[in-house]
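Novice: Let me give you the structure first, and then I'll get to my questions.
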């Protein structure tokens, strides 16, 4: 297998935690290389580093950054996949820029209208759920949502070995006539598609708790769901920690938090390795900006699996059915 | 003050908990009456009951139900407000039907394009936030969102005495150019409006944690946020209760849950009394379907306050600025 190329410059704690993650990945036998600015990376002994002297910042406008920063680590990483030097790319950098670079350099898969970002939502005590699009395309058409459903179904099969993934369309009521115009139109397309296991509309309350494997939404709605979910979990975790850290709770607080720690650990997005850009001609994994070394190792493992299981081929087949 | 009319038939536990709530409201001096089917209400001694022999069910299609069930409690309640017999209506029934009945019977306020449902989000340890539209209008135009911002601002002033409510537009990035077409267009309208304190775009993670008083969204996005928030809180509460109820946690579980109970209590939507339909010519409060007697009493108190403080007049003034 060709190596996986990792963006050394992307993420809140780059490059140090990225290098640490890559070292760990190499130590467990995953072929990994770095791309980034040698002058800014303190210590990359034993790791192959492909130079890229520009950096796309987290707050750069994605499309513009990809067009103007041609020697950035994100753009160079996408080019290494395009040119066959790398089998996949991993970045914890600017999400929009990774999506734009992958789209512009690797190009769309044949038959795909628009790519989508598939985010894995870890659910304590249960199988994870996949949410797509979680932010690539803010304005969508119904037939794009239809393709997202097909790609999400294929991804759930390849990545999580779900035999017949249950596909839900995010709306504001279970009935087909509930929702905005986009969703009402998409509902009919999904309902008429015998290649997927469409279970109908799902609501915000099903995001964690519903009997559904893949949640389909436009990128605006998907991103709002993702951020609301993350924000709510973080807010409650903080509230719980402070309630159990008062003097009043001193006798039971520490032990109680110990019993709650596994829930927090299962909700940690680091465990799932990152989001996947579906619909481009290559594997691109977008890790959380706050990704630690573990998230990077997990992202590399996922990338390796997806290459070996030919995710890209499976997606192309699903879309062309 | 004219009495507040309460829909006896609306809600998961109607009519018994509704009657109980109304009795409590009367006992604290709030003028309240019921509307509903006398044959289905076991005991309403001492309460004025206006007969309405039909019931709009929770899963009825709202517009159709309002058109065909003319003698339903929801429609009759809206008519009592329209005709000046009641000063406000409260229902824990079908949200869409309450909104449709209020709109069709009370009519829009002069100058209002579309009404919006303003939901109060309780936030532990902080002032509550207002989210609108949380489900009245699934497809919106930018100028409607602009009016939602003005109405939300006036509502926060009247209802929560916030002097200069901070208005945030829900999007997928803080920068004005982030979002879907609708939000990008609305951003400019809000930014150019000197009558409101627009702080810019906010994200899903700001719903509980952000420094913002009013969250503006189209009804589809708002409803998805509300349900995602409620679902996430409920899921985590269940997870925490089970983690602290195992034999392993026996020694600390009960006491720890006691320390966490205030957080759960503050998150309970019953405390805020219900959502408010803004933009119609009258006061209409929509309580949660699972509303208990306390929620009904609180809704009646809020209705009384909003009548006395002339919310409708303030909304009309805000829209016409």
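Chains as they are written, first to last, in the numbering used here: chain A, 986 to 1306; chain B, 986 to 1306. Built from N, CA and C at the ideal position, the CB exists for glycine as well.
Please list, in chain order, the residues of the stretch 1219 to 1242 of chain A that have any C-beta partner in chain B closer than 8 Å.
Specialist: Of all residues in the stretch 1219 to 1242 of chain A, 1219, 1220, 1221, 1224, 1225, 1228, 1229, 1231, 1233, 1234, 1236, 1237, 1238, 1240 and 1241 have a Cβ within less than 8 Å of some Cβ in chain B.
Novice: Going by C-alpha to C-alpha distance, which of B/1275, B/1218 and B/1136 sits closest to residue 1307 of chain B?
Specialist: Here chain B comprises residues numbered 986 to 1306, so residue 1307 of chain B is not present and cannot be evaluated.
Novice: Could you please give the first and the last residue of the uninterrupted alpha helix (DSSP H) stretch that includes residue 1307 of chain B?
Specialist: The structure shown does not extend to residue 1307 of chain B, since chain B is modelled only from 986 to 1306, so the question has no answer here.
Novice: Identify the contact partners of residue 1126 of chain A in chain B, using a Cβ-Cβ distance below 7 Å as the criterion.
Specialist: From the beta-carbon of residue 1126 of chain A, no residue of chain B is found nearer than 7 Å; the closest lies around 12 Å away.
Novice: List, in order along the chain, the chain B residues whose C-beta lies closer than 7 Å to that of residue 1123 of chain A?
Specialist: Within chain B, the residues placing a beta-carbon under 7 Å from that of residue 1123 of chain A are 1157, 1164 and 1165, ordered along the chain.
Novice: How many Å lie between residue 1148 of chain A and residue 1173 of chain A at the Cα?
Specialist: 23 Å
Novice: Does the stretch 1036 to 1051 of chain A touch the stretch 1244 to 1262 of chain A, meaning 3 or more C-beta pairs lie closer than 8 Å?
Specialist: no
Novice: Are the stretch 1053 to 1061 of chain A and the stretch 1092 to 1101 of chain A touching, with three or more C-beta to C-beta distances below 8 Å?
Specialist: no
Novice: Give the DSSP bridge partners of residue 957 of chain A, in chain order.
Specialist: A question about residue 957 of chain A goes unanswered here, because the residues of chain A that appear run from 986 up to 1306.
Novice: Are the C-beta of residue 1194 of chain A and some C-beta of chain B separated by less than 8 Å?
Specialist: Taking Cβ atoms only, chain B reaches closer than 8 Å to residue 1194 of chain A, which makes this a yes.
Novice: Does chain B have any CB closer than 8 Å to the CB of residue 1213 of chain A?
Specialist: yes
Novice: Ignore the nearest five residues each way along the sequence and tell me which others in residue 1107 of chain B's own chain have a CB closer than 8 Å to its CB.
Specialist: 1113, 1251, 1252, 1253, 1254, 1256 and 1257
Novice: Looking at the C-beta of residue 1032 of chain B, does it have a partner C-beta in chain A at a distance below 8 Å?
Specialist: No - not a single Cβ of chain A is within 8 Å of the one on residue 1032 of chain B.
Novice: Express the C-alpha separation of residue 1046 of chain A and residue 1262 of chain B in angstroms, rounding to a whole number.
Specialist: 38 Å
Novice: For chain A, is any of its Cβ atoms less than 8 Å away from the one on residue 992 of chain B?
Specialist: no
Novice: Counting only runs that start and end within the stretch 1075 to 1161 of chain B, where is the beta strand (DSSP E) found for 3 or more residues in a row?
Specialist: 1101 to 1106, 1114 to 1117 and 1151 to 1155
Novice: Please report the straight-line C-alpha distance between residue 1070 of chain B and residue 1276 of chain B, rounded to a whole angstrom.
Specialist: 25 Å
Novice: With a Cβ-Cβ cutoff of 8 Å, do residue 1004 of chain B and residue 1026 of chain B count as a contact?
Specialist: yes
Novice: To which residues of the same chain is residue 1211 of chain B closer than 7 Å at the C-beta, ignoring the five residues directly before and after it?
Specialist: 1104, 1116 and 1119
Novice: Could you confirm whether any beta carbon from chain D is found closer than 8 Å to the beta carbon of residue 1183 of chain A?
Specialist: This model lacks chain D altogether, as its protein chains are A and B.
Novice: Touch check for the stretch 1195 to 1204 of chain B and the stretch 1220 to 1231 of chain A: three-plus C-beta pairs under 8 Å?
Specialist: no
Novice: Report the partner residues of residue 1016 of chain A according to the DSSP bridge assignment.
Specialist: Under the DSSP definition of a beta bridge, residue 1016 of chain A lacks any partner.
Novice: Quick check: what's the CA-CA separation for residue 1267 of chain B versus residue 1291 of chain B?
Specialist: 10 Å
Novice: What residue range does the beta strand (DSSP E) around residue 1070 of chain A cover?
Specialist: Segment: none, residue 1070 of chain A is in no beta strand (DSSP E) and carries neither H nor E.
Novice: Is DSSP giving residue 1249 of chain B helix, strand or coil here?
Specialist: helix
Novice: What did DSSP end up calling residue 1057 of chain A once you bin it into helix, strand or coil?
Specialist: DSSP places residue 1057 of chain A in strand when its eight states are reduced to three.
Novice: Please list the segments of the beta strand (DSSP E) lying wholly inside the stretch 1192 to 1235 of chain B, counting only runs of 3 or more residues, in order along the chain.
Specialist: 1199 to 1201
Novice: Per DSSP, residue 990 of chain B is paired with what?
Specialist: B/1018 and B/1074
Novice: Please identify, using Cβ separations under 9 Å, the residues of the stretch 1056 to 1088 of chain B that lie next to chain A, in order along the chain.
Specialist: 1081
Novice: With a 10 Å radius around its C-beta and 16 neighbouring C-beta atoms as the bar for buried, classify residue 1017 of chain B as buried or exposed.
Specialist: buried
Novice: Of all the residues that make up the stretch 1240 to 1262 of chain A, which are near chain B by a beta-carbon distance shorter than 8 Å?
Specialist: Answer in chain order: 1240, 1241, 1244, 1245, 1247 and 1248.
Novice: So, at 7 Å on beta carbons, what are the nonlocal neighbours of residue 1222 of chain B in its own chain, with the 5 sequence-adjacent residues on each side left out?
Specialist: 1249
Novice: What do you reckon, are the CB atoms on residue 1270 of chain B and residue 1280 of chain B nearer than 8 Å?
Specialist: At a Cβ-Cβ threshold of 8 Å, residue 1270 of chain B and residue 1280 of chain B do not count as neighbours.
Novice: Look at the alpha carbon of residue 987 of chain A and the alpha carbon of residue 1187 of chain A, and state the distance between them as a whole number of angstroms.
Specialist: 40 Å
Novice: Return the chain-ordered list of same chain residues with a C-beta closer than 6 Å to the C-beta of residue 1122 of chain B, the five sequence neighbours on each side being excluded.
Specialist: 1099 and 1204
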